[in-house]
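**Student:**
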Amino acid sequence: MASKYQEYNQLNLPQIEKDILAHWEEIQAFEKSVSIREGATPFVFYEGPPSANGMPGIHHVISRTLKDLVCRYKTMNGFQVKRKGGWDTHGLPVELGVEKMLGITKEAIGKTISIEDYNKACRTEVLKFKDKWDDLTRKMGYWVDLKSPYITFDNNYIESLWWCLSELYKKNLLYKSVSIQPYSPAAGTGLSSHELNMPGCYKEVKDTTVVAMFKAIEADNSAFLFEAARKIAADAEVFFMAWTTTPWTLPSNLGLTVGANIEYTLVRTFNPYTHLPQFVVMAKDLLGKYFKQEGEDGDFAAYNEGDKIIPWQILSVFKGSQLENIRYEQLLPYVQPESGDPFRVLLGDFVTTEDGTGIVHTAPAFGADDYRVGQKYDIGILTLVDRQGKFLDEVGEFGGRYVKNYKSDPEYKDVDVDISVKLKKENRAFKVEKYEHTYPHCWRTDKPVLYYPLDAWFIRTTAAKEKMVELNKTINWKPATTGTGRFGNWLENMVDWNLSRSRFWGTPLPVWRTVAVKEDSPEGAVQKCLGAKNELVGALLFVKKDEFKADVLDADSELSKRVAAHNAQYAGKSKEEQELFTINIDKVRAKIQKEEITLVDVALANFYLTDLVSGYCVAITEETLADIDLHKPMVDNLIFDHEGQLMYREPDLVDVWFDSGAMPYAQWHYPFDNKEEFAKSFPADFIAEGVDQTRGWFYTLHALGTMLFDNVAYKTVVSNGLVLDKNGVKMSKRLGNIVDPFATLEQFGADATRWYLVTNASPWDSMKFDIDGIREVQRKLFSTLYNTYNFFAMYANLDKFTFSEAYVPLEERPEIDRWIISLLNTLVKDVTGYFDDYEPTQAGRAIQSFVDEHLSNWYVRLCRRRFWKGEYAQDKISAYQTLYECLETLARLMAPVSPFFADWLFGNLNKVSGRHAEASVHHMLFPSEVTTAIDADLEERMQLAQDISSLVLSLRKKVNIKVRQPLQKILIPVQNLHIKEQIEKIQDLIKSEVNVKGIEYLTETEGFIKKKIKPNYKSLGGKMGAKMKAVAAAISAFSAADIASLERNGEFILQIDDEQLPIQLSDVEIISEDIPGWTVANKGALTVALDITITPELLDEGNARELVNRIQKIRKDSDFELTDRIQVKVAVIESLKSAIINYNDYICTEILADSLELVPELQDGIEIEVNDLTFNVLVNKKS
RNA sequence: UGAUCUGUAGCUCAACGGUUAGAGCAACUGCCUUAUACGCAGCAGGCUACCGGUUCAAAUCCGGUCAGAUCAACCA
């Protein structure tokens, strides 16, 4: 144990942190903080895995601070908080980074670079900055287990993911389906939503749009339309009008969708192009877009071609629901769908009347909504555009033409225009015009994207929607609005989760099928979904000889065996069939000798083993399982033999969000290992990430938790906002406004940075990061507290205070000690409440204001003398104990947010006092409030003391009398006895603080003091309601007599509009505004008057104090020790003579002088100035 | 385009529907200090983004508009 408190010259947070870090490592502080809670209730935390392929930024510091402080707080509350770290290692950002590094594009992968080499590059690249991340983690004081993190590319991790997928598969929640996805014909590839959201992808374009006319077919359900029309023209035809911005999708039209509750009209008019009489159906709300007001009910007979005003007339109005299933003639009858019942009117909830006609042209192949509603009504599908983006040959005169100018052909003619012209000519277009809107473009080719039907695997999240919504209600969201708003909304509008990614570096989908990779028509395919690695046993692995290092079966004989079995199937078949399907093993062997082609190529080439030309074929056994890497390309080379049919893996990878969403299970390699560990750690008590994860990690965790375990995955989730630069702009490399976290930590230290990030704004508000804010925190909080500690250390060392004396009972301590202890306990209560509520911002701010306003600038300032004057007796010990307790408690309160400084402070104190056995504050328990120490009255009167002092100081300033000049008295009018008693208890304090001799109270104030009355709106408002204004006016108009009457009787009857309204004393606030003849100041209801008469005695005392002040400065400038005794000579000045004589003792005591002499003249010495008089003093240290 | 969040002093943030919207930072003027810290007092600085509504009373509640941010997207 140290005998002295360490004293410091200057606060150096970064240095403190380096020392503490070393200390933590030495005592294994983090590991210990977990192990000492062995057996305690666990508090489960999940670490959202960061991706280490980018440098960490300052925004990572905020969310990690949040996570860390909660975990530390919970540990200090007695929970055991394990924190397994993790790395997110798959996914597009990694791949794009590698592509960029290698200077290649997606197309090159598998061609100029093997998938294997490419994935090898990803594997190393993804952890490129792991060291940097680890370094940041350490330096910022984030306690997380970095030694055994989960890594998403790990085989075990992937195996758990496979298990999850197979569970979903078993529950029929995993399925393959066509989905309409963004597709770039120019690049020949589907696009991820990420790619579609790259800046500049949505471009403003001008497209030719057309309102096409679909001819209704007369039948029972459409009779009501025709009836109305037939009254006017016996041969009337009725048309549905539908608008499209993509006329090229019209040949693929199979339906028209209307809103069930939208009102539609049948309108009689003329076609503006052909001028033929017409009966058309469209939404009532949109009539104004197509018909001029003046034409309504116009004269049809008088209409001539080319007339500007076209007459029109509403024949009937009806709901969209009445149109359901009415049939119409195909608009452009080039091709019919193979199945389904097309060309009907459908109902869809996505229809609006914001633009178009309220009738939506529906081509299931080219729109997600269209597809969905098409499925519902089984209208089939027509995909008349190929993957290059051109019409199929069957599409008549348009066959073979590109629907957009994908080849940058200068001669390109817009198909949309030609289709529109054709429709115009055929009397099938009502309006053709250019329309400007935004449309997504391929970021690579800059060409417009098509929505196109592509195969994909889905998780049927919609099946679990109800449950997910229900479970979400039990989650504690911070802030709550994110849970109900952004997240709740997202759940309500959920669609099935598209898992498929056509990439290379990721978790492979563990589904094998008996159909070749690119083969269509999967009808009758056999498929299986693996749920464990060992289910691969028995699969055949095709590899090049040097790729598989295991000691394997005789591959050749295995191959022969398989080929023989295969051929046996065709034993009884025709010769042609045998020739076509059986395999010549010798040919295969020959090819094996020469070529190196992977199995994927074979599979693509129709998977006949005759074309099998790769090197080796082995069957996987238990022994060789260990050598299987669960990534591409190896998994693609694994093939199952299903009764002679081969099963190939579905080529897709799984969305990386699945990786992270399954981390509660996969981090433990569940269910293969750690079953108990998992049971104890699911669900999480707490997670925290940025709001941008709402529909990412938060969603995938929730979805999988619900679908796999019928449970939430987390109980509390804190979503923090973004960190913006000081101008409110998102930080990005492009703008160069990234704040380097290392430089910040180096310069200001982690604690100041953490504190700033936590207290500046609520974590969920996006915050503008300004380095000056950190500087301020450092100065205001840490410097202040540091100085308070240093002040304590300095005197405690002199007095050898080590907290060895018995604890002085609170009731025996002076008022001010009890006050700060009371406040301290209030603080403990508040801070605990805030932390429990996941409101660290409020907690930090409360601590900050305690340190700054109360501890340093009131308690210490007022108690200074107690520390350096007088005997080492109860009062002094009480002061030391009080201050010590404040500092120690603060260290514990601050520990979650500023772990370094807190431990430093705690350590410094504890090393001397040895009060606690713990080697770190982080092993301590969080302080709990001592309710009995809280004294509301005491806190109130200290507030009064502070207010009164502040008022007196402002009065002094007004009349220009320095505080050092003592004054006789102050005068305080008091409304009631309680206030008077309160002030009396703290009057000594006020007197010394504002340097006055006495306080007088005015209780009988009537007639003497000028008073002002104000209505208390809050208490009156409820009673008076609408009469409030009149009441307030009446009260403001009170005379002094009225006020006196109210004060005397406690009640007053107001006369308002012949109504008598009683008011109570509590309904108003009465302020003593002025005391005639005195200098007065007010704050709220408090009034203080100051006697500014300076008697000769007071003047002497003031001068004496001035002199003390000057000599103290000399002592300090001369570098005397605090305890050095001195001798002083002063050159006499007449007006100061009496002061020096009368206050000689006082001065000597204050300046530790053995003698203070007046001499006529001084040659040497220092010139000083007191109240505009200059003279010399000589100060000598007594040797 | 939509959903969500945010918009208060030059800057960062406060303000149970209730008196004249407050603090800190920064600038200026003083004061206090045997704590290299700080504080106190004064002086400035505001159409609480804008427009409406509810209410005796709105920065606060409700609509709408605008701006910024995030996420999402099938937008005819």
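Heads up: the first sequence begins at 1 in the numbering used here, then just goes up one per residue.
No residue lacks a Cβ here, since even glycine has one placed at the ideal position from N, Cα and C.
Return the CA-CA distance between VAL777 and THR65, expressed in angstroms with no decimal places.
**Tutor:** Distance between the alpha carbons of VAL777 and THR65 is about 16 angstroms.
**Student:** Classify ARG915: buried if its beta carbon has 16 or more other beta carbons within 10 angstroms, exposed otherwise.
**Tutor:** Its Cβ having fewer than 16 others within 10 Å, ARG915 is exposed.
**Student:** Can the beta-carbon of ASN271 be found less than 8 angstroms from the beta-carbon of PHE430?
**Tutor:** Yes, the pair counts as a contact, with Cβ atoms nearer than the cut-off.
**Student:** I'd like to know if the segment 322-337 and the segment 254-266 are in contact, where contact means that at least 3 CB-CB pairs between them fall below 8 angstroms.
**Tutor:** Flag = yes, the segment 322-337 and the segment 254-266 touch.
**Student:** Please list, in chain order, all residues of the same chain as PRO14 whose beta carbon is under 8 angstroms from its beta carbon, the five residues on each side excluded.
**Tutor:** Correct list, in chain order: LEU745, GLU746, GLN747, PHE748 and GLY749.
**Student:** Pairs of beta-carbons, one from the segment 353-363 and one from the segment 396-411, closer than 8 angstroms: are there three or more?
**Tutor:** Cβ pair count under 8 angstroms is below three, so no.
**Student:** Can you tell which of ALA234, PHE791, LEU862 and GLN874 has its C-alpha closest to the C-alpha of GLU805?
**Tutor:** Of ALA234, PHE791, LEU862 and GLN874, the residue nearest in Cα terms is GLN874.
**Student:** Let me confirm a value: ILE1141 is counted as buried when at least 16 other C-beta atoms fall within 10 Å, else exposed. Which label applies?
**Tutor:** Result: exposed.
**Student:** Note down, in chain order, each residue of its chain lying with its Cβ closer than 7 angstroms to the Cβ of HIS90, except the 5 sequence neighbours on either side.
**Tutor:** Within the same chain, HIS90 has close Cβ partners THR152, PHE153, TRP505, GLY506, THR507, VAL656 and ASP659.
**Student:** Given this structure, state the Cα-to-Cα distance separating ILE158 from ASP629, to the nearest angstrom.
**Tutor:** Those two C-alpha atoms are separated by around 10 angstroms.
**Student:** With burial defined as no fewer than 16 other Cβ atoms inside 10 Å of the residue's Cβ, what is the status of VAL1170: buried or exposed?
**Tutor:** Classification for VAL1170: buried.
**Student:** Do GLY1247 and ASN498 have their C-beta atoms closer together than 8 angstroms?
**Tutor:** Any answer about residue 1247 is impossible in this case: the structure gives the chain only from 1 up to 1183.
**Student:** I need the straight-line Cα distance from TYR648 to PRO247, nearest angstrom please.
**Tutor:** Using only the alpha carbons, I get a separation of about 40 angstroms.
**Student:** Does the segment 16-25 come close enough to the segment 808-820 to have 3 or more Cβ pairs within less than 8 angstroms?
**Tutor:** No, because fewer than three Cβ pairs between the segment 16-25 and the segment 808-820 fall closer than 8 angstroms, the two stretches do not touch.
**Student:** So what does DSSP say about HIS441, is it helix, strand or coil?
**Tutor:** Of the three classes helix, strand and coil, the one that applies to HIS441 here is strand, per DSSP.
**Student:** Report yes or no: do the segment 674-692 and the segment 159-166 share at least 3 C-beta pairs separated by less than 8 angstroms?
**Tutor:** At 8 angstroms Cβ cutoff, the stretches do not touch.
**Student:** Where in the segment 936-1009 do unbroken runs of the alpha helix (DSSP H), each at least 4 residues long, occur, reported from the N-terminal end onward?
**Tutor:** You should have 936-959, 977-985 and 987-994.
**Student:** So, do the segment 102-110 and the segment 71-89 have three or more beta carbon pairs nearer to each other than 8 angstroms?
**Tutor:** No, the segment 102-110 does not touch the segment 71-89.
**Student:** Tell me the DSSP secondary structure of GLY506 in three-state form.
**Tutor:** Coil at GLY506, not helix or strand.
**Student:** Tell me the residue span of the alpha helix (DSSP H) that contains ARG866.
**Tutor:** Note, ARG866: alpha helix (DSSP H), 861-868.
**Student:** For the pair the segment 432-441 and the segment 216-227, tell me if three or more CB-CB distances fall below 8 angstroms.
**Tutor:** Verdict: no, contact absent.
**Student:** So the candidates are ASP418, ILE639, ARG460 and PRO1160; which of them puts its Cα closest to the Cα of LYS528?
**Tutor:** Per the Cα distances, ILE639.
**Student:** Pick out whichever of ILE1126, GLU1106 and LEU824 has its Cα sitting closest to the Cα of LEU1173.
**Tutor:** Closest by alpha carbon: GLU1106.
**Student:** Look at the alpha carbon of ASP131 and the alpha carbon of ASN155, and state the distance between them as a whole number of angstroms.
**Tutor:** Their backbone Cα atoms lie some 22 angstroms apart in a straight line.
**Student:** Report, in whole angstroms, the separation of the C-beta atoms of LEU893 and THR788, which I expect to be a contact under 8 angstroms.
**Tutor:** The Cβ separation is near 14 angstroms, so there is no contact.
**Student:** Which two residues bound the contiguous beta strand (DSSP E) that contains MET647?
**Tutor:** Counting along the chain, the beta strand (DSSP E) containing MET647 begins and ends at 645-649.
**Student:** Which residues does DSSP list as the beta-bridge partners of ASN1176?
**Tutor:** DSSP lists GLU1167 as partners of ASN1176.
**Student:** Could you give the C-beta distance for GLY1050 and LEU1065, rounded to a whole number, given that I count them as a contact under 8 angstroms?
**Tutor:** Rounded, the Cβ-Cβ distance is 5 angstroms, consistent with contact.
**Student:** Considering only their Cβ atoms, is the gap separating VAL1128 from SER1155 smaller than 8 angstroms?
**Tutor:** Yes, the Cβ-Cβ distance between SER1155 and VAL1128 is below 8 angstroms.
**Student:** From GLY1021, PHE1038 and TRP755, pick the residue whose C-alpha is nearest to that of ASP1067; which is it?
**Tutor:** When only C-alpha atoms are compared, the closest one is GLY1021.
**Student:** Looking at LYS1011: is its Cβ nearer than 8 angstroms to the Cβ of ALA1040?
**Tutor:** A contact, by the Cβ cut-off of 8 angstroms.
**Student:** Residues in its own chain within less than 7 angstroms of PRO93 by CB, not counting five upstream and five downstream?
**Tutor:** Same-chain partners within the cutoff: SER51 and ASN53.
**Student:** Apart from the five residues just before and just after THR462, which ones in its own chain have a Cβ nearer than 7 angstroms to its Cβ?
**Tutor:** So the qualifying residues of the chain are MET494, VAL495 and ASP496.
**Student:** Cutting at 8 angstroms between CB atoms, please list the residues of its own chain near ASP1164, excluding the five before and the five after it.
**Tutor:** Same-chain partners within the cutoff: ASN1176 and LEU1178.
**Student:** I'd like to know whether the C-beta atoms of LYS424 and TYR303 end up nearer to each other than 8 angstroms.
**Tutor:** Contact: no.
**Student:** Have a look at the DSSP bridge pairing and note the partners of GLY690.
**Tutor:** In DSSP, GLY690 forms a bridge with ASN720.
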